[in-house]
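Beneath this line is the structure, given in structure tokens, with notes to follow.
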Ligand SMILES: NC(=O)c1ccc[n+]([C@@H]2O[C@H](COP(=O)([O-])OP(=O)(O)OC[C@H]3O[C@@H](n4cnc5c(N)ncnc54)[C@H](O)[C@@H]3O)[C@@H](O)[C@H]2O)c1
């Protein structure tokens with residue numbers, strides 16, 4: 045069993061550390077965020093990630109998982125995983141400051157023959173940069189391996205333990221062998237390539253998934269114009285094994301901590317190196333247009349006027365099963381509605397209110413769906429949390445000023461919503477009007493009672 049270190053205890057780092065500990069290794073996890081570290085040391089996951097906490101607790105209990113907020117004088121790890129954040133800079137390029145800091149911090153603390161493995165998503169050529177940095181600190185014998193991560197938030201532990209493939213990029217076959225040995229128990233195919241190719245596999249994968257979503261959203265718009273149903277179109281397409289069913293759900297578009305910055309960074313890299321990234325730019329444009337189209341639908345459902353309309357947005361996380369609101373389409377949508385004068389509240393079953401406030405200080409955060417629905421003119425499903433599927437529409441309707449639902453993810457049971465007297469608008473398929481829309485006056489009467 046190996047002695048490992050993981051730098052950065054975020055969505056990727058905490059999961060990597062917990063899973064490698066579970067596989068029997070000894071792991072030291074270092075993060076500069078002292079609050080995050082203090083929680084992890086108590087076995088509390090600072091992020092909502094199913095299955096993570098039990099692994100953390102078990103790892104700490106065995107004494108094989110240690111978490112710290114400072115770098116020790118000497119690190120005895122044989123292999124160090126860099127899993128720090130690489131956000132987009134203003135210009136769209138990946139901001140590598142955290143990677144540089146992490147590499148600087150570990151390079152002169154490691155023993156001869158150690159390996160730096162980069163798990164962060166980094167621009168093509170970063171492996172060379174890291175090797176150069178290590179050399180400059182006098183650690184010429186430190187090998188560099190690129191090992192891009194493909195886990196999904198919400199199923200990160202499962203994805204780490206059951207990868208579709210493991211990609212290892214290196215010019216040092218012995219170093220790649222040592223990293224490969226860590227993954228062998230997982231039984232996945234290990235693809236060995238050079239460092240630049242490994243780095244590109246990650247960007248190309250994310251860009252392709254974002255492209256699939258933008259593609260189906262464009263098809264959804266065409267379906268709307270021509271009277272076809274995009275959900276059935278996607279189903280029919282997805283059964284073709286050459287296409288596959290995943291990432292073909294029309295809706296509000298993609299967001300989160302990875303796709304937006306990675307597609308932008310790839311387009312930036314392409315442009316800086318003389319290629320015209322026409323497709324990637326269209327993929328991004330379709331995605332931002334999708335938010336605007338959704339606003340237009342909400343406006344149309346509310347008599348073409350959003351001024352002072354009370355709207356409850358259901359879901360703040362960028363997708364279900366995570367508490368991550370970085371570049372969340374739900375929050376972007378809520379902000380766009382506010383710009384049109386709407387009075388917007390947002391409810392999320394998992395994301396803490398203070399985090400939403402930090403991201404969008406003017407948004408009201410509802411404590412419950414009922415609380416947010418009171419007096420609302422419309423409910424907008426933005427994040428497909430399973431609990432929204434089982435909402436009691438008849439009861440919610442009695443609280444609302446008007447029974448209007450906009451399902452921006454085609455997620456709800458349309459028949460149940462309409463049955464309860466709501467108008468129902470969705471994406472890329474016919475919207476449903478209830479024959480008995482409850483009028484605003486009904487709410488006013490009840491309020492007066
Ligand atoms: N989140 C995902 O689903 C996902 C999936 C695949 C790949 N990735 C990539 O993995 C990387 C990490 O993503 P994340 O979502 O885990 O980020 P994150 O923001 O959740 O976590 C990064 C952590 O690194 C810490 N950090 C920053 N600089 C540091 C330093 N010098 N030393 C020690 N710790 C430091 C931060 O305090 C933070 O806790 C990114 O490059 C991302 O693109 C993310």
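In this note's numbering, the protein residues as written are 45 to 493.
All C-beta atoms, glycine included, are put in the ideal place defined by N, C-alpha and C.
If you're wondering where the values come from, they're calculated on a predicted model, not measured in any experiment.
| Query | Result |
| --- | --- |
| N-terminal and C-terminal residue of the beta strand (DSSP E) that residue 88 is part of | Unbroken run through residue 88: none, as it is neither H nor E. |
| DSSP-derived helix/strand/coil call for residue 70 | strand |
| Paired residues, beta bridge with residue 252 - DSSP | Answer is none; residue 252 lacks a bridge partner. |
| Stretch pair the stretch 146–165 + the stretch 52–68: three plus CB contacts closer than 8 Å | yes |
| Selection from 416, 340 and 316 that minimises the alpha carbon distance to residue 135 | 316 |
| C-beta contact flag for residue 256 and residue 193 at 9 Å | no |
| Rounded C-alpha distance that separates residue 64 from residue 431 | 32 Å |
| DSSP state of residue 341 mapped onto helix, strand, coil | helix |
| Secondary structure of residue 125, DSSP reduced to three states | strand |
| Same chain only: Cβ atoms within 7 Å of residue 379, ignoring 5 sequence neighbours per side | 404 |
| Runs of alpha helix (DSSP H) lying entirely within the stretch 409–437, each at least 4 residues, in chain order | 413–417 |
| Burial state of residue 421 (16 or more Cβ within 10 Å) | buried |
| Cα-Cα separation between residue 125 and residue 336, rounded to whole angstroms | 40 Å |
| Spatial distance of residue 102 from residue 66 (CA atoms) | 8 Å |
| Distance between residue 154 and residue 471 (C-alpha atoms, nearest Å) | 53 Å |
| Backbone secondary structure at residue 468 - three-state DSSP | strand |
| Coil, strand or helix - residue 76 by DSSP | coil |
| Heavy atom of ligand 2 within 8 Å of residue 200 beta-carbon | As far as ligands go, the structure on display features ligand 1 and does not contain ligand 2. |
| Check: residue 466 C-beta below 8 Å from any heavy atom of ligand 1 | no |
| Proximity below 9 Å, CB of residue 447 to CB of residue 459 | no |
| Where the beta strand (DSSP E) through residue 354 begins and ends | 354–358 |
| Close Cβ partners of residue 83 (< 7 Å) along its chain, the five nearest in sequence each way excluded | 90 |
| Residue 223 beta carbon less than 9 Å from that of residue 191 | yes |
| When 218, 186, 229 and 297 are compared against residue 204, the one with the closest alpha-carbon | 229 |
| Inter-residue Cα distance where the pair is residue 33 and residue 48 | Since the first residue of the chain shown is 45 and the last is 493, residue 33 is not available in this structure. |
| Supposed contact pair residue 296 and residue 496 - C-beta distance, whole angstroms, cut 8 Å | Residue 496 is absent from the structure shown; the chain starts at 45 and stops at 493. |
| For residue 358, the nearest candidate out of 366, 328 and 412 (CA to CA) | 412 |
| CB of residue 237 within 9 Å of CB of residue 270, strictly | no |
| Residue(s) in a DSSP beta bridge with residue 455 | Residue 455 pairs with nothing; no bridge assigned. |
| Residue 190, enclosing alpha helix (DSSP H) - first and last residue | Run containing residue 190: none in the alpha helix (DSSP H); it sits in the beta strand (DSSP E), 187–190. |
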